[in-house]
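The structure appears right after this line, and notes come after that.
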DNA sequence: GGTTCCCGCTAATCCGTATTAGTAAGGGGA
DNA sequence: TCCCCTTACTAATACGGATTAGCGGGAACC
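Residue numbers (UniProt numbering), protein chains in the order written: chain A, 1 to 351; chain B, 1 to 351.
Structure below.
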């Protein structure tokens, strides 16, 4: 008795059927456009339409989707908050692209976040199954959960290159390798012979790609590059000065969603009264989203985040549609950013 | 036969039942917490739980919604893109608050947008019924659709004050009236006697409130205020100069999501080489989200967007829970922003 | 006059989960 | 031994709509 007391609810097809003196399926056929081509007299059709009109019928999207077994929802899973407090956050341009393309394809977006959830909470990850497919945005891949999704044939796409699951994980990435190599080459052309590369301690494909590009250009150009891993705390003014004393003329910093590396270098420089590119050149392997008012434009490369978001949605909807030969991995190119923080070395290199 | 070939779908309770050797309702009881208190042996319960775990079961929100009418989903409907291309967009801080509070209350967020949809497509709005309740963010209220939601008892909350549907529409707004009056009073105290108020042509409660506050302060202080409605194109340097020639010493601009009014004034000033507050004072009835690097901090007031987002979620979850005496309308206070664009009038007023 | 065909519609069923009524099995008491 | 009461489930059904098989009746054809 309990649940049925909720009587004054919206009119259903059954109500229309009763009023028009037909059956519910007939109503469904009339209102649903009758794609199956079932024969229906115009008179019946009209009675149904009139009844629907007079009752103010609105189809229930939930019921409709239950029988369609698809809900026109794309999941978007971010391992940190989707709307970070810091507006400058580098996720934002991805979201712009994702939303644009999702809207264009008629999908709505379902936001999930594991921020605040227990580590490795598999229920949280499993919740994404309620979408028809899901995009993932994050530096790392929870291999067990993702492996299971793949095994089950659940459509998913990572934003960012990831090889944690071999060739199985679909992604849309950016070509950090070439772009990073280009940054080093530009420095070499300006005369820099000794670099420090500051990166996060943490390992991820995004880091590996940048370092690979850097190393290949280092090998090509014959410059020297010292790799420094930091968690931010251990790069201070003293350390910065000691590098410069050692002959380092340019610092290359990894870009990540937290920007730990470049932030540490910038603070150390500011604290020590050092300026770029007068005292040393500073290049970022990436870009800074929504550059902050006070800070100079960093030299580096632009990541096509918006286009990556769009491409990821296209790949995902392709997977959902079960396209036979869907391209599962895609790498988009970056383009160089001149910026204001790179110049010739303070002292011309000896030769 | 056709529709059932689509086999590799998500596991259902029926699959679990088969694996555990029980019936589907038993699975539902075990997984649903068995609130009815049906007797179940621990052994059976465990078998079901194990089976569910091993299949990676996730309840289908649509089916659940159809029968239980709740699925832990909050809708967020924006009448423009949710992630605007312009990162500075004023919606963003609302979203931060909404996401925070939704996460805190254990709800996932379902993003809907009518951007790109035909005008007045009511089906588009009906999609939101998939969620347990929905937040709406926009300058206007599609009265017919919202009236229908209210009639049906569908829980919804507007972010922003709206009286289009009388007392029926729940909202969380900001006190633009007092805040706008304060801005005018501060100008009056500085000696300004003649203002121009630049606002959008478009009418909305957010505009009406600001204008009401302005008018009340104008009446109190005896200053003169000319109201100018613009769509942006018709405010140029010549017009600006003619105002100043008429004795206007301060311009007050409405803030909206597009910021048409203030942008027009600023461009006109820049083009004419006019500076604030030296040539005239410029106050905004609101604030500028993520102030742009080049532009000075505008004088105005801060809208507690993040807290509004949180409050709206709290109100909505209250409505969903069917709280008997839920407060349906809430107004949060704004606080003044000194900024750099308001000062004493260029020439002391005659007396 | 019987068979075939077509028209116009409905019965039956499905989607996945929740809920309630009811039943089979086992134990205890008289 | 019969009855009743638990215990532990399952059958039946609802939710609202989509889909498909099938049925009754009349017209056309042989």
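A virtual CB, placed ideally from N, CA and C, is assigned to each residue, including glycine.
Which of helix, strand or coil DSSP assigns to residue 159 of chain B: strand
Integer Cβ distance of residue 49 of chain B from residue 15 of chain B, believed to fall under 8 Å: About 14 Å; that fails the 8 Å criterion.
Cβ of residue 10 of chain A within 8 Å of any chain B Cβ: yes
CB of residue 306 of chain A within 8 Å of CB of residue 25 of chain A, strictly: no
Chain-ordered chain A contacts of residue 108 of chain B [CB-CB under 8 Å]: 110, 111, 112, 127
Outcome for residue 166 of chain B when other beta-carbon atoms lying within 10 angstroms are tallied against a minimum of 16: exposed
Residue nearest to residue 223 of chain A in terms of C-alpha spacing, selected from A:236, A:254, A:206, A:184: A:184
DSSP bridge partner residues for residue 254 of chain B (one or two, in chain order): B:285
Nearest-angstrom Cα separation, counted from residue 279 of chain A out to residue 186 of chain A: 18 Å
Residue 270 of chain A: contacting residues in chain B (beta-carbon distance under 7 Å): Correct list: empty, because the minimum Cβ distance to chain B is about 17 Å.
Any chain B beta carbon closer than 8 Å to residue 320 of chain A: no
CA-to-CA distance, residue 207 of chain A to residue 178 of chain A, given in whole angstroms: 13 Å
Delimiting residues of the beta strand (DSSP E) encompassing residue 309 of chain B: No beta strand (DSSP E) contains residue 309 of chain B, which is instead part of the alpha helix (DSSP H) from 305-320.
Inter-residue spacing [alpha-carbon to alpha-carbon] between residue 233 of chain A and residue 310 of chain A: 36 Å
Nearest residue (CA-CA) to residue 101 of chain B, options B:255, B:128, B:270, B:315: B:315
Residue 118 of chain B versus residue 196 of chain A - alpha carbon distance: Note that residue 118 of chain B has pLDDT 44, beneath the 50 cutoff, so the model's placement of it is unreliable and no number is given.
Distance cut-off 7 Å: residue 47 of chain A Cβ against heavy atoms of the ligand SAM: Questions concerning the ligand SAM fall outside what the structure shown contains, since it holds no ligand whatsoever.
Of the residues B:171, B:47, B:64, B:19, the one placed nearest residue 330 of chain B, counting alpha carbons only: B:171
Proximal residues, the region 148-169 of chain B versus chain A, C-beta separation under 7 Å: 152
Span separating the alpha-carbon of residue 218 of chain A from that of residue 181 of chain A: 8 Å
Residue-chain proximity (residue 52 of chain B, chain A), Cβ-Cβ < 8 Å: no
When A:11, A:34, A:42 are compared against residue 57 of chain A, the one with the closest alpha-carbon: A:11
Neighbouring residues, chain B, relative to residue 34 of chain A (Cβ below 8 Å): Simply none; closest approach about 17 Å.
Start-to-end residues for the alpha helix (DSSP H) that takes in residue 59 of chain B: Residue 59 of chain B -> no alpha helix (DSSP H), and no H or E assigned at all.
Cα-Cα separation between residue 286 of chain A and residue 264 of chain B, rounded to whole angstroms: 34 Å
CB contact below 8 Å: residue 133 of chain B versus chain A: no
Chain A residues whose Cβ lies nearer than 8 Å to that of residue 257 of chain B: Here the premise fails: no neighbours, minimum Cβ distance about 15 Å.
Neighbourhood of residue 298 of chain A by C-beta distance below 6 Å, restricted to the same chain and skipping five residues each side: 284, 288, 339, 341
CB contact below 8 Å: residue 346 of chain A versus chain B: no
Outcome for residue 120 of chain A when other beta-carbon atoms lying within 10 angstroms are tallied against a minimum of 16: Interpretation of residue 120 of chain A is limited by its pLDDT of 43, a score under 50 that renders its predicted location unreliable; the figure taken from the coordinates is listed afterwards. Residue 120 of chain A is exposed by the Cβ-count criterion.
Nearest candidate by alpha-carbon position, reference residue 71 of chain B, set B:63, B:53, B:228: B:63
Near-chain A residues of the region 298-310 of chain B - C-beta to any C-beta below 7 Å: none
is_contact[residue 142 of chain A, chain B] using C-beta, thresh 8 Å: no
C-beta contact flag for residue 19 of chain B and residue 66 of chain A at 8 Å: no
Start-end ranges of the beta strand (DSSP E) lying completely within the region 176-229 of chain B, minimum 3 residues: 194-200
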